[in-house]
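Mapped onto UniProt numbering, the consecutive letters of the sequence shown carry residue numbers 1 to 273. In this text, a Cβ means the ideal position worked out from N, Cα and C, and glycines have one as well. See below for the structure under consideration.
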Amino acid sequence: NLSGMGCGASLISVDLAKNLLQRRRSGGKALVVSTEIITPNLYHGNERGFLLQNTLFRCGGAAMVLSNNWSDGRRAWYKLLHTVRVQGTTEDAYNCVYETEDKDGERGVRLSKEIVKVAGKCMEKNMTMIGPYVLPLSEQFKVVISLIGRFATKSLKKMLGGGAANEKMAEKIPNIRPYVPDFKRGIDHFCIHAGGRAVIDGIEKNMKLELFHTEPSRMALLNYGNTSSSSIWYELEYIQEHQKTNPLKKGHRIMQVAFGSGFKCTSGVWLKL
1 NLSGMGCGAS
11 LISVDLAKNL
21 LQRRRSGGKA
31 LVVSTEIITP
41 NLYHGNERGF
51 LLQNTLFRCG
61 GAAMVLSNNW
71 SDGRRAWYKL
81 LHTVRVQGTT
91 EDAYNCVYET
101 EDKDGERGVR
111 LSKEIVKVAG
121 KCMEKNMTMI
131 GPYVLPLSEQ
141 FKVVISLIGR
151 FATKSLKKML
161 GGGAANEKMA
171 EKIPNIRPYV
181 PDFKRGIDHF
191 CIHAGGRAVI
201 DGIEKNMKLE
211 LFHTEPSRMA
221 LLNYGNTSSS
231 SIWYELEYIQ
241 EHQKTNPLKK
251 GHRIMQVAFG
261 SGFKCTSGVW
271 LKL
């Protein structure tokens, strides 16, 4: 029972189930049930930061069965390849989604304006960790070259030190922007946590995704709202049953990205069998 994990609970539970199954001497099955129940935390006050939860979150649920029995391989839909979890440690990360009371004593979940910024930093760390597992060598090489170039320019500017002449020389040295790897070269479909339109728009822009990549997230948000940890499974169901622009095929890889309070970012990559 992994309660209190927020919107990122589902993939954390899948990762736990994977580890438990891998440590069994014989094969086994694990049932993961992911739910969002908003009634216990329905906010009755008037503060805007708390009222957002009433407009965004909706009740939802999903269940999935994991198995490491060889006999289940014939009927399995997907194979779990990788899971990565990143936990934020700053005060902003801790307070951006926080259950507490307002000044009138009404209990609810407060959402901070910093949540998009915090989510971006957390996702950047997560993508850095999972990148070597899913990106082709050509993309990894570009990332390494970018890091070397940025380190070299930073060291060169530091070596020039003070002085008017040196400062003018340092200004002429161009700043190398960090290279954003093209995850589309290693991933065919994306299930991005439907936390809100701003979250989806930001990820689409930063990862340079196409409209059909974020279509499952937008349709899940439109049809069901933010169903918290179960939203990524609504999106996977949309890809499997309804998406026509980029239809799911055998051998495709699907990346799920979930965010949760704390602040945490969890990602998982599946292979369509």
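Can you look up Ile192 in the DSSP assignment and give me helix, strand or coil?
strand
As assigned by DSSP and simplified to three states, the class of residue 299
No answer is possible for residue 299: it lies beyond the span of the chain, which begins at 1 and ends at 273.
Are Tyr179 and Val134 close, meaning C-beta to C-beta below 8 Å?
no
In chain order, what residues of the same chain lie with their CB nearer than 6 Å to the CB of Asp188, ignoring the 5 residues before and after it?
His252, Arg253
If you compare alpha carbons, which of Asn223, His193, Leu221, Lys184 is closest to Glu210?
Lys184
Between the C-alpha atoms of Lys208 and Gly49, what's the straight-line distance to the nearest angstrom?
30 Å
Considering Leu52, what are the terminal residues of the alpha helix (DSSP H) in which it resides?
48-56
Would you kindly report the start and end of the unbroken beta strand (DSSP E) that includes residue 280?
Residue numbering for the chain in the displayed model covers 1 to 273; residue 280 lies beyond these limits and cannot be assessed.
Please confirm if the stretch 4-22 is in contact with the stretch 259-268, defined as three or more CB-CB distances below 8 Å between the two stretches.
yes
Nearest-angstrom beta carbon gap, Leu248 and Ala76 [assumed within contact, 8 Å]
Ala76 to Leu248, Cβ: 15 Å. No contact.
Assign Ser26 to buried or exposed, taking buried as 16 or more other Cβ atoms, counted over all protein chains shown, within 10 Å of its Cβ.
exposed
For the beta strand (DSSP E) containing Val33, list its first residue and its last residue.
29-36
Output yes or no for whether 8 Å exceeds the beta carbon distance between Gly88 and Val118.
yes
How is Asn126 classed by DSSP in three states: helix, strand or coil?
helix
Drop a sphere of 10 angstroms on the beta-carbon of Thr100, count the other beta-carbons inside from all chains shown, and report buried for 16 or more, exposed for fewer.
exposed
Tell me which residue opens and which closes the beta strand (DSSP E) that residue 300 is part of.
Since the first residue of the chain shown is 1 and the last is 273, residue 300 is not available in this structure.
CB of Ser228 within 8 Å of CB of Cys191, strictly:
no
Start-to-end residues for the alpha helix (DSSP H) that takes in Arg197
197-206
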